[in-house]
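One structure below.
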Ligand SMILES: Nc1ncnc2c1ncn2[C@@H]1O[C@H](COP(=O)(O)OP(=O)(O)OP(=O)(O)O)[C@@H](O)[C@H]1O
Ligand SMILES: [Mg+2]
């Protein structure tokens, strides 16, 4: 499957869309990440798994500019338009909004929507970096601004239909059910036209049926929007059936990587998950 | 049904009774016992105890009943959606009613100086200045969520810009008006830069300090600002070089202010529902998510500070021209607090709310003058009551419902 999709929407053959080399992150004395290597190729769904506190969210924060890694290289290879650069863009230490503008959009483990804005407006915020009307446009409302506004509304509504939330478009996002909030975060991220979608535990708190629907949705999104997906998830059933490749993290290190099958048979992974003590 | 009502009443009465007994007991020494040190007697005024008990019982009963109603209203409101808004705001947002209502309001405002005294017109001009100040601060605090306690500093910048330029170079009102706005924006950005990384309490403290610094500079740098004695004989706005009386000047300023108020309402209402306005809201709601979704926080913040300060600078010029005399005493922290109260009581983020808030907070103290020394007490109590019963302000900010072009959305 991985091979298949890679061929299908690969525009810059050979290059990954994201390449992380040797990244470390220290918080004072605490080493939350240590020498992490990771790669996401075009059209792939890659999962990052590991026990609680392994450093997965910290890793996301490092590659989206929320933290600046203490050490190492994070390089993105935007695939379209003027954002495209042959030898990639170094993004460690880049400002968060620029990383997003480059085409890497994320969701948050502890949902971070804009609670007193409607579902539609939440998605419209995602369109911000792809539109440009300013103060003068807002006040005078020339035809160009009105057209842009209507496009933003229509595009955002369309994205809501893609995640099945069109009926709740005018609902305050704080009033949405939990599962809907998670899907809304994904729609908002998609609105920024990313080439790489970063999902931090999208199935957390969902029941098995919702999780299954989410899985189908991610598959659809990957096909339709030609995005690669990097996903942190604890639900093993979902991870195993959805991902092309898996990275396993423990105490800030990548301890194993490979296809779902390879990883699930790796003794190191089994030990990390079952907490088996070999010495002591 | 009858049973629950009965239980509800009993609960209320019991609560009120407890409160009343407590209060009577606490106030016993001052209300009942009077020691006359000359006659060496102690009088027990038991009637006062009865007054106290009955009075506090009635007040407590009313208070608890209202609190109860509010709590039940709150529970209902939590389920409320955008479509189910109150009848009043539905009425106001319906163009069939809103348009004539606005036209009527405009006509009343336009005719006002011809039917009312100079005193009333003057009060209304002040109130309108505060409407614009409130709408300006509403951008910074209400929309972008940046708590600015030194807002009055920008007001002072505008006022001193006109006063000094008029004093030294005899520049007229109309020449300085745009300059006041530009300088306001400049100082807004000047304050914005150092506080970009601050939020909440820290931001409030720094902006508070900024307001104080401007006032202290004006007070102490005598060579520049003429210190606490201020600047007098500032020119009123010019009208093609025609000489006119004080009354006519007031009417003239009234119309200038009316135009500026309408302009400000227009601009802020449009900004609120624009791409920039949404970015401010996102910034207020969740700064990290906002930035992660590609919004440049720095730009959005500086814009919010600058636009708010622009309006304050503009109003400063009008204020100086209206009073023809300014000194630093007009720009104390109390002013900032007042403008903030307008925004909070009116309803953060709501244009209509801020307008109502400004009129209420400016006109109430004026018309309460009849109550002389109780004036401020009633004023304060009103503010507290509003906050208790309408914690989101007089008018709750409502989000626009966008029209979706279904064909395009496919
Ligand atoms: N800003 C910070 N300052 C100090 N320590 C931090 C900070 N952020 C994370 N940590 C620490 O880094 C470690 C990794 O945390 P992280 O949130 O990345 O784990 P995680 O793998 O996402 O876990 P979970 O599965 O529970 O979400 C934890 O020990 C955490 O306490
Ligand atoms: Mg995490």
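Chains as they are written, first to last, in the working numbering: chain A, 98 to 377; chain H, 2 to 411. Even for Gly, the Cβ is constructed at its ideal location relative to N, Cα and C.
Decide if the stretch 161-174 of chain H is in contact with the stretch 297-307 of chain H; the criterion is three or more beta carbon pairs, one per stretch, under 8 Å apart. no
Taking residue 130 of chain H as the reference, which of H/232, H/246, H/317 has the closest Cα? Here the question's residue 130 of chain H lines up with position 129 in the second chain. It is H/317.
Using DSSP with H/G/I as helix, E/B as strand and the rest coil, what is residue 207 of chain A? Counted from its first residue, the first chain places residue 207 of chain A at position 110. Coil.
May I have the straight-line CA-CA distance separating residue 130 of chain A from residue 188 of chain H, to the nearest angstrom? In the first chain, the residue the question calls residue 130 of chain A occupies position 33. In the second chain, the residue the question calls residue 188 of chain H occupies position 187. Cα-Cα distance, rounded: 43 Å.
Is the stretch 8-18 of chain H touching the stretch 45-52 of chain H, taking contact as three or more C-beta pairs under 8 Å? Judged by Cβ distances under 8 Å, the stretch 8-18 of chain H makes no contact with the stretch 45-52 of chain H, as fewer than three pairs qualify.
List in chain order: all unbroken beta strand (DSSP E) runs of 3+ residues lying wholly within the stretch 265-347 of chain A. 293-297, 325-329, 342-347
Let me make sure I understand the geometry here. Which of H/274, H/328, H/370 has the alpha-carbon closest to that of residue 246 of chain A? On the first chain, residue 246 of chain A is found 149 positions in, with the first residue counted as 1. It is H/274.
For residue 130 of chain A, three-class secondary structure by DSSP: Here residue 130 of chain A refers to the residue found at position 33 when the first chain is read from its first residue. Strand.
Contacting positions in the stretch 175-201 of chain H - beta carbon closer than 8 Å to chain A: none
Using a 10 Å radius around the Cβ and a threshold of 16 neighbouring Cβ atoms, would you call residue 243 of chain H buried or exposed? Indexing the second chain from 1 puts residue 243 of chain H at position 242. Exposed, because fewer than 16 other Cβ atoms sit within 10 Å of the Cβ of residue 243 of chain H.
Any residues whose CB sits closer than 6 Å to a heavy atom of ligand 1? List them in chain order? A/124, A/127, A/129, A/147, A/149, A/150, A/151, A/152, A/153, A/154, A/155, A/206
Going by the CB atoms, is the gap between residue 144 of chain H and residue 281 of chain H shorter than 7 Å? In the second chain, the residue the question calls residue 281 of chain H occupies position 280. In the second chain, the residue the question calls residue 144 of chain H occupies position 143. Yes, the pair counts as a contact, with Cβ atoms nearer than the cut-off.
Residue 159 of chain A versus chain H: which residues are under 9 Å apart at the beta carbon? Translated into positions along the first chain, residue 159 of chain A becomes position 62. In chain order: nothing, as chain H lies at least about 13 Å away.
At a CB distance below 8 Å, what residues from the stretch 127-153 of chain H approach chain A? Give them in sequence order. Contacts with chain A (Cβ-Cβ distance below 8 Å) from the stretch 127-153 of chain H involve no residue at all.
Going by Cα to Cα distance, which pick from H/32, H/385, H/252, H/112 is closest to residue 123 of chain H? Working through the second chain from its first residue, we reach residue 123 of chain H at position 122. Selected option, being the one with the closest Cα: H/252.
So does the stretch 266-274 of chain A actually touch the stretch 297-313 of chain A, counting three or more Cβ pairs closer than 8 Å? no
Report, in whole angstroms, the separation of the C-beta atoms of residue 327 of chain A and residue 287 of chain A, which I expect to be a contact under 8 Å. Residue numbering aside, residue 327 of chain A sits at position 230 when the first chain is read from its first letter. Residue numbering aside, residue 287 of chain A sits at position 190 when the first chain is read from its first letter. Going by Cβ atoms, the distance from residue 327 of chain A to residue 287 of chain A rounds to 14 Å, so no, they are not a contact pair.
Tell me which same chain residues have a C-beta within less than 7 Å of the C-beta of residue 205 of chain H, skipping the five on either side of it? Position 204 of the second chain holds residue 205 of chain H. Closer than 7 Å at the Cβ level, and outside the excluded window around residue 205 of chain H, lie 148, 150.
Quick check on the DSSP output: what are the complete beta strand (DSSP E) runs of length 3 or more inside the stretch 22-86 of chain H, in order along the chain? If you keep only unbroken beta strand (DSSP E) runs of at least 3 residues inside the stretch 22-86 of chain H, you get 34-37, 42-45.
Look at the alpha carbon of residue 177 of chain H and the alpha carbon of residue 139 of chain H, and state the distance between them as a whole number of angstroms. Mapped onto the second chain, residue 177 of chain H falls at position 176. Mapped onto the second chain, residue 139 of chain H falls at position 138. For residue 177 of chain H and residue 139 of chain H, the distance between alpha carbons rounds to 24 Å.
Near-chain A residues of the stretch 278-308 of chain H (beta-carbon distance less than 8 Å), N- to C-terminal order: Correct list: 278, 279, 280, 282, 283, 286, 287, 289, 290, 291, 292, 293, 294, 295, 296, 297, 298, 304, 308.
Rounded straight-line distance, which links the Cα of residue 366 of chain H to that of residue 424 of chain H: Limits of chain H in this structure are 2 at one end and 411 at the other, which puts residue 424 of chain H out of reach.
Start and end of the alpha helix (DSSP H) containing residue 306 of chain H? As a working mapping, residue 306 of chain H is identified with position 305 in the second chain. Here the alpha helix (DSSP H) through residue 306 of chain H covers 298-324.
Measure the alpha-carbon distance for residue 297 of chain A versus residue 311 of chain A and round it to whole angstroms. The count along the first chain starts at 1 and reaches residue 297 of chain A at position 200. The count along the first chain starts at 1 and reaches residue 311 of chain A at position 214. Cα to Cα, residue 297 of chain A sits roughly 13 Å from residue 311 of chain A.
So that I know if they touch, is there some Cβ in chain A lying closer than 7 Å to that of residue 82 of chain H? Sequence index remark: in the second chain, residue 82 of chain H carries index 81 (1-based). Any reading at residue 82 of chain H must be qualified, since the residue scores a pLDDT of 46, below 50, and its modelled position is unreliable; no value is offered.
Of all Cβ atoms in chain A, is any one closer than 7 Å to the Cβ of residue 406 of chain H? The residue given as residue 406 of chain H occupies position 405 in the second chain. It does: the Cβ of residue 406 of chain H has a partner Cβ on chain A nearer than 7 Å.
Contacting positions in the stretch 215-245 of chain A - beta carbon closer than 9 Å to chain H: 215, 217, 218, 219, 221, 222, 223, 224, 225, 226, 227, 228, 229, 230, 231, 232, 234, 235, 236, 237, 238, 242, 245
Does DSSP put residue 202 of chain H in a helix, in a strand, or in coil? Locating residue 202 of chain H in the second chain gives position 201, counting from the first residue. Three-state DSSP puts residue 202 of chain H in a helix.
Determine the burial state of residue 362 of chain A: buried for a count of at least 16 other Cβ atoms within 10 Å of its Cβ, exposed for fewer. Indexing the first chain from 1 puts residue 362 of chain A at position 265. Sixteen is the threshold: since fewer than 16 other Cβ atoms of the shown chains lie within 10 Å of the Cβ of residue 362 of chain A, the residue is exposed.
What residues from the stretch 307-341 of chain A come within 9 Å of chain H, judged by C-beta to C-beta, listed N to C? Taking 9 Å as the Cβ-Cβ cut-off against chain H, none of the residues of the stretch 307-341 of chain A qualify.
May I ask you to check if the CB of residue 133 of chain A is nearer than 6 Å to at least one heavy atom of ligand 4? You won't find ligand 4 in this model; what it holds is ligand 1 and ligand 2.
Identity of the residues DSSP links to residue 168 of chain A by a beta bridge: Reading the first chain from its first residue, position 71 is the one you call residue 168 of chain A. Looking at the DSSP assignment, residue 168 of chain A forms a beta bridge with A/121.
Residues of chain A with CB under 7 Å from residue 345 of chain H, in chain order? Position 344 of the second chain, counting from 1, holds the residue named residue 345 of chain H. Residues of chain A whose Cβ lies closer than 7 Å to the Cβ of residue 345 of chain H do not exist; the shortest such Cβ separation is about 16 Å.
Where residue 223 of chain A and residue 337 of chain A are concerned, what is the direct C-alpha to C-alpha distance, given to the nearest angstrom? For the purposes of this step, residue 223 of chain A is taken as residue 126 along the first chain, with counting starting at 1. For the purposes of this step, residue 337 of chain A is taken as residue 240 along the first chain, with counting starting at 1. C-alpha separation (whole angstroms): 30 Å.
Could you tell me the distance, in whole angstroms, from the CA atom of residue 282 of chain A to the CA atom of residue 218 of chain A? The residue given as residue 282 of chain A occupies position 185 in the first chain. The residue given as residue 218 of chain A occupies position 121 in the first chain. Whole-angstrom Cα-Cα distance: 12 Å.
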